[in-house]
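In what follows, a single structure is set out as structure tokens and then discussed.
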Amino acid sequence: MAKRKMILDLDTGIDDSLAIAYALGAPDVDLIGIVGSYGNVVVEAGGQNALKILELLGHTDIPVYLGESHSSTSDHFDRMEVSANIHGQNGIGEVDLPEPTRAIEKESGVDFIIDAAHKYGKDLTLVPTGPMTNLAAALKKAPEIANEIGNMTFMGGALTMPGNVTAYAEANINQDAEAANAVLTSPLHSTMVGLDVTLRTLLTKKETKQWRELGTVAGEKFADIVDYYIEAYKQFNDNLGGCALHDPLAVGVALDPSFVTTIDLNMVVNYNKETYGRTIGDDNRLNEPTNVKVAVMVDKDRYLKVFMNYLTALFKANK
Numbered sequence: 082m083a084k085r086k087m088i089l090d091l092d093t094g095i096d097d098s099l100a101i102a103y104a105l106g107a108p109d110v111d112l113i114g115i116v117g118s119y120g121n122v123v124v125e126a127g128g129q130n131a132l133k134i135l136e137l138l139g140h141t142d143i144p145v146y147l148g149e150s151h152s153s154t155s156d157h158f159d160r161m162e163v164s165a166n167i168h169g170q171n172g173i174g175e176v177d178l179p180e181p182t183r184a185i186e187k188e189s190g191v192d193f194i195i196d197a198a199h200k201y202g203k204d205l206t207l208v209p210t211g212p213m214t215n216l217a218a219a220l221k222k223a224p225e226i227a228n229e230i231g232n233m234t235f236m237g238g239a240l241t242m243p244g245n246v247t248a249y250a251e252a253n254i255n256q257d258a259e260a261a262n263a264v265l266t267s268p269l270h271s272t273m274v275g276l277d278v279t280l281r282t283l284l285t286k287k288e289t290k291q292w293r294e295l296g297t298v299a300g301e302k303f304a305d306i307v308d309y310y311i312e313a314y315k316q317f318n319d320n321l322g323g324c325a326l327h328d329p330l331a332v333g334v335a336l337d338p339s340f341v342t343t344i345d346l347n348m349v350v351n352y353n354k355e356t357y358g359r360t361i362g363d364d365n366r367l368n369e370p371t372n373v374k375v376a377v378m379v380d381k382d383r384y385l386k387v388f389m390n391y392l393t394a395l396f397k398a399n400k
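Mind the numbering: the sequence shown is residues 82 to 400 in our numbering, read in order.
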């Protein structure tokens with residue numbers, strides 16, 4: 082049992098599934114729970130996908146909770162068409178996985194985050210890879226957890242390049258810019274793993290072929306899921322030759338910050354109409370102590386080696 086404990090806050094699509102696998106494969110952390118969010122899919126579907134992936138990987142011991150079903154400023158969530166194109170209608174590349182034997186937990190995901198922060202304190206690592214709605218709600222309900230959580234590393238944002246849903250906004254931040262702003266301007270210290278580094282970190286069919294050759298159900302299913310993702314990426318950038326490891330890179334950086342080079346900033350998230358979702362330095366806090374580390378470069382080769390070692394060993398063990 083590891084001293085470090087991790088919660089993943091996911092809108093479980095394809096790269097979220099890879100993030101789950103990375104967390105399970107890492108030897109130096111215990112994944113103690115998953116909080117479902119909306120984004121790639123609706124929150125209920127994301128929760129079920131997380132349970133299916135956990136069962137595929139032999140970890141029905143890990144609970145899944147549902148978080149908020151829509152942004153902090155709306156009363157519903159409409160899934161974007163691009164999400165269905167990239168992740169498939171079912172969120173996991175149209176790959177059919179058995180219905181999970183474990184049910185979603187009755188406690189809310191927001192309360193689970195708060196309870197875990199109180200229980201584990203600095204040993205807790207929280208990795209949101211979807212909208213920040215759940216974390217913002219937890220901070221609003223229990224502001225003291227901003228000083229209790231030991232590590233918050235999130236996948237979202239773009240600082241040195243354009244967004245992927247608008248010229249300004251990355252998809253996760255764009256889902257709830259107000260919530261993201263509340264988190265990043267709170268006392269909570271965090272690390273941003275945005276498009277600046279995730280689009281440099283690619284997985285190709287060369288790697289998924291290695292998973293198929295394991296001859297295990299887990300290896301075959303994950304190869305099918307990721308090959309769908311790779312093909313979907315061609316719609317948007319046929320030059321990449323693979324798919325970006327957005328969410329699993331955030332998990333990797335949470336456990337080993339040396340994968341990336343960061344700059345220290347105080348950040349703000351714009352939520353005006355013209356630049357909604359832009360993540361940028363806060364010019365009102367230029368001379369104040371900083372609370373956000375922004376990843377701007379990544380040791381992609383070393384990360385990919387660790388990623389493949391962790392996931393291949395995990396898939397090999399789950400026949």
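Quick reminder that beta carbons are idealized off the backbone N, C-alpha and C, glycines included.
TODO: Go through its chain and collect everything with a Cβ distance to Gly94's Cβ below 6 Å, but skip five positions before and after it.
DONE: Annotation for Gly94: Asn121, His168, Gly172 place their beta carbon closer than 6 Å to its own, counting only its chain and skipping 5 residues before and after.
- [ ] Would you kindly check if the distance between the Cβ of Ala239 and the Cβ of Leu276 is under 7 Å?
- [x] Their beta carbons are under 7 Å apart, which means Leu276 touches Ala239 by this criterion.
- [ ] Classify Lys354 as helix, strand or coil using the three-state DSSP reduction.
- [x] Note: Lys354 maps to coil in three-state DSSP.
Open item on the list: By the three-class DSSP mapping on this structure, what secondary structure does Asp345 have?
Closed with: Residue state, collapsed to three classes: strand.
Open item on the list: If we require 3 or more residues per run, which beta strand (DSSP E) segments fall completely within the region 267-305?
Closed with: Counting whole runs of 3 or more residues, the region 267-305 contains the beta strand (DSSP E) stretches 271-274.
- [ ] Return the CA-CA distance between Val379 and Val341, expressed in angstroms with no decimal places.
- [x] So the alpha carbons of these two residues sit roughly 4 Å apart.
TODO: Starting from Val208, follow the beta strand (DSSP E) in both directions and report where the run begins and ends.
DONE: 205-209 is the span of the beta strand (DSSP E), which, as asked, contains Val208.
TODO: Put Thr214 into one of helix, strand or coil per three-state DSSP.
DONE: Helix, per DSSP.
Task: Buried/exposed call for Pro329, threshold 16 Cβ in 10 Å - done: Label assigned to Pro329: buried.
- [ ] Verify whether the separation of the beta carbon atoms of Gly333 and Tyr384 is less than 7 Å.
- [x] Pairing Gly333 with Tyr384 gives a Cβ-Cβ distance under 7 Å.
TODO: Could you spell out where the alpha helix (DSSP H) holding Tyr391 opens and where it closes?
DONE: Start and end: 381-398.
- [ ] Check whether the Cβ atoms of Thr214 and Ser152 lie closer than 7 Å to each other.
- [x] The answer is yes: Cβ separation under 7 Å.
TODO: Inspect the CB distances between the region 244-258 and the region 292-305 and report whether three or more fall short of 8 Å.
DONE: For the pair of segments examined, the region 244-258 was found not to touch the region 292-305: the number of CB pairs separated by less than 8 Å stays below three.
Task: Alpha carbon of Met389 to alpha carbon of Asp92, nearest angstrom - done: The straight-line gap from Cα to Cα measures roughly 23 Å.
TODO: Mark Ser98 as exposed unless 16 or more other C-beta atoms lie within 10 angstroms of its C-beta, in which case mark it buried.
DONE: Answer is buried; the Cβ neighbour count reaches 16.
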